[in-house]
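Scroll down for the structure; my scribbles are underneath it.
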Amino acid sequence: MHRPLPTRLFRAARVVLLAALLGAVSAQVPRSQSYTREEAFSIFSLSCARSGIWPAALDPVTTKRLTIGVLGRSPELVPALKSYGKKAQSGWFKGGTIDYLESNKPEELATCQIIFVGDLSDEARARAVTFFKGKPVVLIGQSRKFTLEGGAVEVRILDEKIQFDLNLDALKAAGVELTAQFRANATGIVLDGRQQSHTNKLEKPKPAGGGR
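Last residue of the sequence shown: 359 in this note's numbering, with the numbers rising by one and none dropped.
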């Protein structure tokens, strides 16, 4: 019997991370070593939490409380999240509490600020995106075209480095922003329902009729 696809992916080659993302977790994380996919996705998820500009009641930096959820099957991700969460708690999140939730049901993760979408069917993933639409949560997924489906962040490993796209429409609907420094590292942007490359990722589409 074949192992589930996400498990095979998470056991694949080690990857090198952006230095900016490492710094968002803890100065204690070595920047020269390589990382497994689950470690990379954990560091990335924590960096999203720190780089978020949240509604006051949900801001993990000021409230000292962060809840991270994993939706769908990702057996090796939660242990990695807990490991790097501890590093964050000795750095930028010192004195804070991190809760970790795991479920196949979106409604059981309704209290999370960050949710990483693991192994879900297309139908289940679409239901999750619909359920969380407009809620103050950053939905991170690794499926192709996740941001075009309505997810906030699509993350992937390419050439042993993290790449990610942002859906600014989804983030705006959630009432969450990401810092300019974080956004500058994005490969692509979804804005006004359209995919844009990094060269014009913060520009709104020009109106029809050749407007300047």
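Beta carbons are placed, not taken as given, at the ideal position from N, Cα and C, and that holds for glycine.
query	result
Leu-295 in three-state terms, based on DSSP	coil
Three-state secondary structure (DSSP) of Lys-229	helix
Per-residue DSSP class, three states only, for Val-300	strand
Best match in Leu-286, Ile-261, Ser-221 and Lys-282 for proximity to Leu-213 [C-alpha to C-alpha]	Ile-261
Among Phe-191, Gly-199, Thr-209 and Gly-219, the one whose alpha carbon lies nearest that of Lys-241	Thr-209
Per DSSP, cross-strand counterpart(s) of Asn-314	Val-337
Reference Gly-298, options Ser-268, Val-337, Asp-266 and Ala-203, closest by Cα	Val-337
For Leu-248, the residue or residues it bridges with in DSSP	Gly-216
Bounding residues of the alpha helix (DSSP H) (the contiguous stretch that carries Leu-286)	Unbroken run through Leu-286 is the beta strand (DSSP E), 285-288; no alpha helix (DSSP H).
Glu-324 - partner residues in DSSP beta bridges	Ile-200
From Glu-223, Gly-216 and Glu-324, residue whose alpha carbon lies closest to that of Pro-202	Glu-324
Phe-278, enclosing alpha helix (DSSP H) - first and last residue	269-279
Where Leu-218 falls, given that 16 or more other Cβ within 10 Å makes a residue buried	buried
Supposed contact pair Cys-195 and Val-285 - C-beta distance, whole angstroms, cut 8 Å	5 Å
Exposure label - Ala-321; buried when at least 16 CB within 10 Å	buried
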